[in-house]
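In what follows, a structure is listed as structure tokens, so that the remarks can point back to it.
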Amino acid sequence: MPRAWYEKLTEHLLKLNYKHFNLDDATLFVKKVGKSVVYLVVYVDDLLITGSNDDYIASIKRELKKVFDMTDLGLLHYYLGIEVIQNPKFIFISQKKYIGELLCKFGMQDCNYVSTPIEKNLKISSNEGNTLEDATKYMQLVGSLIYLTTTRTYYLCSRDSI
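Structure below.
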């Protein structure tokens, strides 16, 4: 069902003259009309819509509601581990909450930070040392850290630059 929904959504967005922002990312759509631009991101069955013109965004939401059963959740606050704080003058994006959740999940909430989290001059060998007790937990940690470093937020911008 999700694939069929996504295909129907994509077909509808292309009819509305949306374009894929990047051919390598099938989840991000963009539409420019005059000086207005709208970005639409698809994640599973959620849509994140933002742009430079509030009236145009509202019209797109109305258009999509004609075809899809949708609920508008208002301004974005938290999405995929990213906190969003918005006010009329700025938008602040942070992953502080996500990082805190990761530290708790992996039992490191009381750890101290260091600039280089490995012993200096440590010799690492593939055939020495202890084997992992839980390889799945290790893979989850690595995946979480990769996600954290590739999204890398902590960003403050003026609403005028959106």
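Numbering (the working numbering), first residue to last: -7 to 154.
Cβ coordinates follow ideal geometry from the N, Cα and C atoms, glycine included.
Since the model is a prediction, treat every value here as computed from it, not as a measurement.
Asked	Found
Buried or exposed (CB count within 10 angstroms, at least 16 for buried), Val30	buried
For Thr2, the residue or residues it bridges with in DSSP	Beta-bridge pairing links Thr2 to no other residue.
Secondary structure, beta strand (DSSP E): runs of 3+ residues fully inside the segment 15 to 59	17 to 25, 28 to 35 and 38 to 43
Spatial distance of Phe13 from Ala127 (CA atoms)	37 angstroms
Straight-line gap, Tyr147 to Ile91 (C-alpha atoms, nearest Å)	With a pLDDT of 47 at Tyr147, under the threshold of 50, the modelled position of this residue cannot be trusted, and the question is left open.
Cβ pair Leu95, Gln101 closer than 7 angstroms	yes
Residue closest to Thr141, alpha-carbon to alpha-carbon, out of Ile74, Asn119, Lys112 and Phe84	Ile74
Exposed unless 16 or more other CB atoms sit within 10 angstroms - verdict on Ile110	exposed
Buried or exposed by the 16-neighbour rule on C-beta atoms within 10 Å, applied to Tyr35	exposed
Residue nearest to Thr143 in terms of C-alpha spacing, selected from Asp17, Val22, Gly26 and Leu72	Leu72
Buried/exposed call for Gln78, threshold 16 Cβ in 10 Å	exposed
Span separating the alpha-carbon of Lys57 from that of Ile116	56 angstroms
Check whether Leu133 and Phe98 have beta carbons under 7 angstroms apart	yes
Distance between Asn104 and Gly121 (C-alpha atoms, nearest Å)	24 angstroms
Residues near Gly43 in its chain [Cβ-Cβ closer than 7 angstroms; skip 5 each side]	Ser28, Val29, Val30, Tyr31 and Ile49
Residue closest to Asp38, alpha-carbon to alpha-carbon, out of Met62, Asp47, Lys23 and Ile52	Met62
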